[in-house]
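Residues 1 to 408, numbered by the UniProt record's numbering, are exactly what the sequence shown covers, in order. Worksheet: one structure, shown below.
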Amino acid sequence: MNFVKDSVNQEPIVDTVFVIVDAAKKAKEKFGEDAVVDATIGSLYDEEGRLVALPSVFESLKNLDNRVLAKYAASFTGNPDFKDHVKKWVLQDRSSLYTDVIATPGGTGAVGMVVNECLDPGQTLIIPEIAWGSYALMAQMNNVDVARYHLFDGDRFDLDSFKKTCEEVMKKQDRLVIIINDPCHNPTGYSLSRKEWSDVIEFLNVCSQTHSVVLLNDIAYIDYSYRQEKAKEYFEVFDQISDNIVVVIAFSLSKSMTSYGLRCGAALLLAKKEEAIDQVKTVFEKDARATWSNINNGAMAMFVDVMDHRLEDYEKEKAYYVDLLKKRSDLFLKEANEVGLAHYPYKEGFFVTLSMDNDLRDRFHQALMDEHIYTVKVNQGIRVAICSLSLEKTKGLAKRMKEILNTI
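In C-alpha cells:
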C-alpha cells in the first residue's frame with residue numbers, strides 16, 4: 001500500500017541542526033552551562049546567552065490592536081503598504097528594473113516558490129556545494145535534481161566552477177534556475193565583491209541568449225552585514241541583466257527583525273521587461289494562494305510601523321549587535337589563524353565554517369562533542385555559530401578545537 005505519491009522520497013527527514021541543538025541542550029542540563037560550548041544555534045544571542053528580540057520590533061508588535069493581529073491580510077500576496085516598504089527597505093532605490101513583491105512565510109517561502117514553479121520534475125536546480133540544506137530538500141520534494149558548483153577558488157568565489165556547472169545544466173534543459181546566497185553566506189560567512197557579482201551577471205547574460213535564466217538571490221542575513229547599507233550596493237549590478245533573466249530576491253524578516261517565529265518575508269521580482277515580471281508574478285500568486293493562503297498580518301503591520309515610526313531605535317539596536325558579531329568573528333578568526341585552524345574565507349555574518357573533507361568532519365564533530373563542544377556538520381566542513389556564542393565562550397575556542405583536531 002502507498003498513501004502518498006509514488007514519485008516522492010519517503011525516507012524520514014533527519015534535521016541534523018535540531019538533533020545537535022537538542023544534544024547541546026541536554027549536555028547543558030547535565031554538565032552545566034559553563035561546561036558546554038553551544039555553537040549550534042543559528043539565531044542571534046546576547047552576551048548572557050539569551051535570544052535577541054529587538055525591543056523596537058516587539059514593542060511595536062505588542063502595541064498593535066488585537067484585531068490587527070487576528071485579521072487576515074488584505075491580500076494573499078501581502079498588504080500593499082508592507083510590499084511597498086519591503087521594496088524601499090531592500091532595494092534602497094538602487095534598481096531601475098521592473099519590480100514586484102509577494103509576501104511569503106519567511107525567506108523560505110520565497111525560495112520554495114522558485115523551486116516549485118520555475119523547474120519541471122526531472123530538471124536541475126543549481127546551488128553551491130556548501131549551502132543551507134533546505135535548498136536540496138525542496139528540490140527533492142519537487143522531484144528536481146541538484147547540480148552543485150564549487151564555492152571557492154582559494155579565497156575567492158569560484159567563477160569557473162559556477163560557469164562549468166551552468167554550462168553542463170544548459171545541455172540538458174531550456175532554462176537555468178540558480179541560487180546564490182549572498183551576502184553573509186550561510187554557512188561560510190562569505191560575501192561576493194561587486195566585481196564578482198558583475199562577472200556573474202555578465203556570464204548569465206551570455207547564457208540568456210539561448211536559455212531563460214532565473215537567479216534567486218537569498219539575502220536572509222543582509223541586514224547584519226558589517227557594511228550595512230553599502231552591502232546593498234551590488235543590487236545596482238542587476239540593472240545590467242538581459243531581457244531573458246528574472247532575479248528573485250528572497251528577503252527574511254526572521255533575521256532582519258529578530259522575529260524568527262513570526263514567519264514573514266518576501267519575494268522581490270526584478271526584470272527588464274514588465275511581461276517577464278507578470279508571468280512569474282501570476283504563477284507565484286497562485287502558488288501562494290494554494291500553499292499558505294495568507295501571511296501573518298501582525299508581522300507585516302509591525303514591519304511597516306518600525307519602518308515608519310521606530311526606524312532610528314531599530315537601527316541603533318541592530319548596530320549594537322552587528323558590532324558584537326564583528327567582535328566575536330574577529331576574535332575567533334584571529335585565534336584560528338594563530339593556531340592554524342583552517343576555515344573557509346569569511347567576510348561577515350552569523351557563521352564561520354571550518355574546512356575539511358567529510359570523513360575528517362565526521363570524526364572531528366564527534367571528538368568535539370566528547371569535549372562538550374557542539375557544532376553543526378555541513379558539506380565539507382564544521383559550522384561554528386558565532387551569532388550565538390558570547391565573547392567569553394568564543395575566547396580560546398579555536399585553540400581548543402585545534403588541539404582536539406590534532407588528536408584525531
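Backbone N, C-alpha and C define an ideal beta-carbon position, used for all residues, glycine too.
query	result
Do VAL237 and TRP197 have their beta-carbon atoms positioned less than 8 angstroms apart in this structure?	yes
Tell me which residues share the same chain as LEU192 and place their Cβ nearer than 6 angstroms to its Cβ, disregarding the 5 neighbours each side in the sequence.	PHE157 and ASP182
Kindly indicate which residue of LYS377, SER208 and PHE351 has the alpha-carbon position closest to the one of ASP359.	LYS377
Sort ILE20, THR104, ILE41 and ALA73 by Cα distance to ALA266 and report the nearest one.	THR104
Run the CB neighbour count on THR394, radius 10 Å, all protein chains shown included, and call it buried at 16 or more, exposed below.	buried
Sort THR77, ILE219, PHE203 and LYS163 by Cα distance to VAL90 and report the nearest one.	ILE219
State the Cα-Cα distance for the pair ASN337 and LYS399, rounded to the nearest angstrom.	10 angstroms
Touching or not, the region 80 to 88 and the region 99 to 115, by the rule of three or more beta carbon pairs under 8 angstroms?	yes
Determine the DSSP secondary structure at PRO80, reduced to helix, strand or coil.	helix
Entirely within the region 148 to 197 and at least 3 residues each: give me those beta strand (DSSP E) ranges in chain order.	175 to 181
Can you give me the C-alpha to C-alpha distance between ASP160 and GLY298, rounded to a whole angstrom?	45 angstroms
Reducing DSSP to helix, strand and coil, say where LEU215 ends up.	strand
Starting from the C-beta of LYS272, find all residues in its chain whose C-beta is less than 8 angstroms away, skip the five residues before and the five after it, and write them out in chain order.	LEU97, TYR98, ILE241, SER242, ASP243 and ILE245
Helix, strand or coil for ARG289 per DSSP?	helix
Kindly give me the distance between the Cβ atoms of CYS387 and TYR45, rounded to whole angstroms, as I take these residues to be in contact under 8 angstroms.	7 angstroms
Tell me whether GLN10 is buried or exposed, calling it buried when 16 or more other Cβ atoms sit within 10 Å of its Cβ.	exposed
Check ASP362 in the structure and name its three-state DSSP category.	helix
The alpha helix (DSSP H) that contains ILE404, what's its start and end?	397 to 406
Going by beta carbon distance, what residues of the same chain come within less than 7 angstroms of THR258, once the five residues before and after it are set aside?	LEU44, VAL52, ALA53, LEU54 and VAL57
In whole angstroms, what separates the C-alpha of MET300 from that of VAL21?	29 angstroms
Tell me which same chain residues have a C-beta within less than 6 angstroms of the C-beta of ILE373, skipping the five on either side of it?	VAL37
Using the beta-carbon count (16 or more within 10 Å), is ILE13 buried or exposed?	exposed
Tell me which residues share the same chain as ASN79 and place their Cβ nearer than 6 angstroms to its Cβ, disregarding the 5 neighbours each side in the sequence.	ALA73 and MET300
Report the partner residues of GLY265 according to the DSSP bridge assignment.	THR104 and SER252
Under 8 angstroms between the Cβ atoms of ILE222 and LYS230?	no
Within 8 angstroms of any Cβ in chain E, is that where the Cβ of ILE20 sits?	Among the chains of the structure shown, chain E does not appear; only one protein chain is present.
In whole angstroms, what separates the C-alpha of ASN143 from that of LEU215?	20 angstroms
Note down the Cα distance separating SER212 from MET401, rounded to an integer number of angstroms.	46 angstroms
Mind checking THR77: buried by the 16 CB within 10 Å criterion, or exposed?	buried
So, are the CB atoms of VAL248 and GLU117 less than 8 angstroms apart?	no
What's the gap between the Cα of PRO345 and the Cα of VAL68?	44 angstroms
Name the residue from ASP34, VAL4 and THR40 whose alpha carbon lies nearest to the alpha carbon of THR16.	THR40
Would you kindly check if the distance between the Cβ of GLU348 and the Cβ of SER254 is under 8 angstroms?	no
For ASN385, write down the residues that DSSP places opposite it in a beta bridge.	Before going further, note that residue 385 is Ala rather than Asn in the sequence given. BP columns for ALA385 point to PHE351.
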